[in-house]
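S.K.: Residue 276 is where the sequence shown starts when you use the working numbering, and the numbers rise one by one after that.
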Amino acid sequence: MQITAVVLTAALLAAPAPTPAPSPTGSPGPVPLTCRTGPIPTNPPANAPPTAPGAPTVDWWFFNGAYLRWAPSTDDHGVACYEVYEDDGANGIIRAVFQGPAEGWVPLPIPTGTKDYPVYVVAVDRYGVRSARSPVTRVRISNDIVQPQPSRPVAAPLSPTSVRLSWTLPSYSAPATAYQVISGGQLLMTVPGTTATLTGLTPGTEYSVTVRPLYADRSWGYESPPVVFTPSTPAVSCEVDYSTRTWGTGMTTNVAITNTGDEPIEDWELTFTFPTHGQRVDRGWSAAWEQNGQRVTATGVTWNRDIAPGRTLWIGFNGEHTGANPAPADFTVNGSACA
Numbered sequence: 276m277q278i279t280a281v282v283l284t285a286a287l288l289a290a291p292a293p294t295p296a297p298s299p300t301g302s303p304g305p306v307p308l309t310c311r312t313g314p315i316p317t318n319p320p321a322n323a324p325p326t327a328p329g330a331p332t333v334d335w336w337f338f339n340g341a342y343l344r345w346a347p348s349t350d351d352h353g354v355a356c357y358e359v360y361e362d363d364g365a366n367g368i369i370r371a372v373f374q375g376p377a378e379g380w381v382p383l384p385i386p387t388g389t390k391d392y393p394v395y396v397v398a399v400d401r402y403g404v405r406s407a408r409s410p411v412t413r414v415r416i417s418n419d420i421v422q423p424q425p426s427r428p429v430a431a432p433l434s435p436t437s438v439r440l441s442w443t444l445p446s447y448s449a450p451a452t453a454y455q456v457i458s459g460g461q462l463l464m465t466v467p468g469t470t471a472t473l474t475g476l477t478p479g480t481e482y483s484v485t486v487r488p489l490y491a492d493r494s495w496g497y498e499s500p501p502v503v504f505t506p507s508t509p510a511v512s513c514e515v516d517y518s519t520r521t522w523g524t525g526m527t528t529n530v531a532i533t534n535t536g537d538e539p540i541e542d543w544e545l546t547f548t549f550p551t552h553g554q555r556v557d558r559g560w561s562a563a564w565e566q567n568g569q570r571v572t573a574t575g576v577t578w579n580r581d582i583a584p585g586r587t588l589w590i591g592f593n594g595e596h597t598g599a600n601p602a603p604a605d606f607t608v609n610g611s612a613c614a
């Protein structure tokens with residue numbers, strides 16, 4: 276099916292509007308809209324259907340509909356009327372009937388925000404034979420009254436590759452059922468609440484992100500002002516308690532990492548330096564342990580990659596030393612020095 280996109284701006288409302296051609300059967304409602312085809316004989320003659328109408332175009336729109344026109348159909352027995360449908364993916368929802376003219380005012384449901392309505396036209400001849408559908412046109416209409424912007428999102432860094440966004444929607448707005456997170460015209464994600472976590476970002480790259488609300492009727496509101504940020508390593512507030520028990524040339528060490536900040540420490544990485552060359556990690560637990568020279572790195576495993584505010588994570592290792600086993604003094608988590 277060919278689809279023609281029609282995007283209109285509110286500036287069109289300033290232009291003088293033609294008088295809508297009312298449907299002869301009245302506005303859409305509980306009474307079905309019908310086409311007056313005239314007497315249909317018991318045995319109608321052989322009859323080809325009318326040609327398909329042209330794709331509808333939009334002369335002007337308001338918050339409750341649009342004035343459409345289209346290239347007329349042709350038929351050997353004459354076109355009796357045109358039916359205008361909203362495409363619902365099935366048989367369509369009839370919105371207007373025009374007994375003759377290939378144009379007129381088509382009522383559409385009033386959206387909460389902005390919504391695209393796919394519409395098409397079918398011609399009906401005097402014997403009730405219908406044409407193929409016209410190409411679909413997407414008619415965009417807006418209800419400007421109840422769709423204020425969300426606030427500019429606040430970006431809180433979580434790691435060099437992740438950021439948490441948060442925003443608010445004015446209390447007088449229609450309630451949103453979800454929010455779209457958008458960057459560079461691309462939809463990044465849809466979330467149910469007023470926070471979103473972006474992951475997989477490139478450190479040092481600038482991003483500009485907006486959000487827009489989605490409503491229960493599948494319309495959307497205005498986008499928020501953009502937040503511009505560059506992912507970097509967030510400052511971490513932490514304490515590390517290092518305790519070790521030594522015997523002969525061996526040691527068992529327990530390390531407690533406490534998050535003393537207000538934000539979670541995500542994808543934590545602990546580093547420290549052994550004071551002497553003879554100290555070595557053999558086997559650890561509750562973390563992935565690596566040693567390069569005297570430098571030791573521990574990172575979270577599947578079940579403990581994040582440390583919530585106020586929580587303490589216990590990890591440890593067994594190791595060796597060559598006689599002296601002093602405690603390290605330069606603990607950092609995600610690049611931030613810990614007390």
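For every residue, glycine included, the Cβ atom is placed at its ideal position computed from N, Cα and C.
Just list the residues that DSSP pairs residue 456 with in beta bridges.
M.R.: 464, 486
S.K.: Quick one: what does DSSP say residue 362 is sitting in, helix, strand or coil?
M.R.: coil
S.K.: Inspect the beta-carbon positions of residue 564 and residue 556 and report whether they are closer than 8 angstroms.
M.R.: yes
S.K.: In three-state DSSP terms, what is residue 419?
M.R.: Helix at residue 419.
S.K.: For residue 576, does the count of other Cβ atoms within 10 angstroms reach 16, so buried, or fall short, so exposed?
M.R.: exposed
S.K.: Using a threshold of 8 angstroms, state whether the C-beta atoms of residue 312 and residue 399 are closer than that.
M.R.: Less than 8 angstroms divides the Cβ of residue 312 from the Cβ of residue 399.
S.K.: How would you call residue 351, buried or exposed, if buried means at least 16 neighbouring beta carbons within 10 angstroms?
M.R.: exposed
S.K.: Give the straight-line distance between the Cα atoms of residue 605 and residue 513, rounded to the nearest whole angstrom.
M.R.: Between the alpha carbons of residue 605 and residue 513 lies a gap of roughly 13 angstroms.
S.K.: Spatial neighbours of residue 458 within its chain, please: CB distance less than 8 angstroms, with the 5 preceding and 5 following residues excluded, ordered by chain position.
M.R.: 482, 483, 484, 485
S.K.: Three-state secondary structure (DSSP) at residue 612?
M.R.: DSSP, read as helix, strand or coil, puts residue 612 in strand.
S.K.: If you compare alpha carbons, which of 358, 396, 389 is closest to residue 420?
M.R.: 389
S.K.: From residue 363 to residue 323, what distance separates their C-alpha atoms?
M.R.: 27 angstroms
S.K.: Are there 16 or more other CB atoms within 10 angstroms of the CB of residue 518, so buried, or fewer, so exposed?
M.R.: exposed
S.K.: Start and end of the beta strand (DSSP E) containing residue 382?
M.R.: 378-382
S.K.: Whole angstroms are fine: how far does the CA of residue 392 sit from the CA of residue 338?
M.R.: 12 angstroms
S.K.: What do you reckon, are the CB atoms on residue 456 and residue 441 nearer than 8 angstroms?
M.R.: For the 8 angstroms CB-CB criterion, residue 456 and residue 441 do not form a contact.
S.K.: Taking the beta strand (DSSP E) that residue 563 belongs to, which residues open and close that run?
M.R.: Taken as a continuous stretch (DSSP letters only), the beta strand (DSSP E) holding residue 563 covers 563-567.
S.K.: Which two residues bound the contiguous beta strand (DSSP E) that contains residue 395?
M.R.: 389-400
S.K.: With three or more beta-carbon pairs closer than 8 angstroms as the criterion, would you say the stretch 458-474 touches the stretch 376-386?
M.R.: no
S.K.: Can you grab the Cα-Cα spacing for the pair residue 492 / residue 345, in whole Å?
M.R.: 28 angstroms
S.K.: Please confirm if the stretch 589-602 is in contact with the stretch 521-535, defined as three or more CB-CB distances below 8 angstroms between the two stretches.
M.R.: Touching, per the Cβ criterion.
S.K.: Compute the beta-carbon to beta-carbon distance between residue 422 and residue 446, rounded to the nearest angstrom, for a pair I have assumed lies under 8 angstroms.
M.R.: Actually they do not touch by this definition, with Cβ atoms about 14 angstroms apart.
S.K.: Would you tell me roughly how many angstroms separate the C-alpha atoms of residue 356 and residue 378, rounded to the nearest one?
M.R.: 11 angstroms
S.K.: What first and last residue would you give for the beta strand (DSSP E) that runs through residue 503?
M.R.: 502-504
S.K.: Hey, out of 500, 342, 373, 329, whose CA is closest to residue 415's CA?
M.R.: Checked all of 500, 342, 373, 329; the closest Cα to residue 415 is 342.
S.K.: For residue 511, which residues in the same chain have their Cβ closer than 7 angstroms to its Cβ, ignoring the five residues on either side in sequence?
M.R.: Same-chain partners within the cutoff: 536, 540, 608, 609, 611.
S.K.: Do you know offhand how far residue 579's Cα is from residue 396's?
M.R.: 59 angstroms
S.K.: Within 10 Å of its beta-carbon, does residue 432 have 16 or more other beta-carbons around it, so buried, or fewer, so exposed?
M.R.: buried
S.K.: Determine the direct distance from the alpha carbon of residue 599 to that of residue 551, and round the result to whole angstroms.
M.R.: 7 angstroms
S.K.: Who are the near neighbours of residue 487 in its chain, counting only those whose CB is closer than 6 angstroms to its CB and skipping five residues on each side?
M.R.: 455, 495, 496, 498
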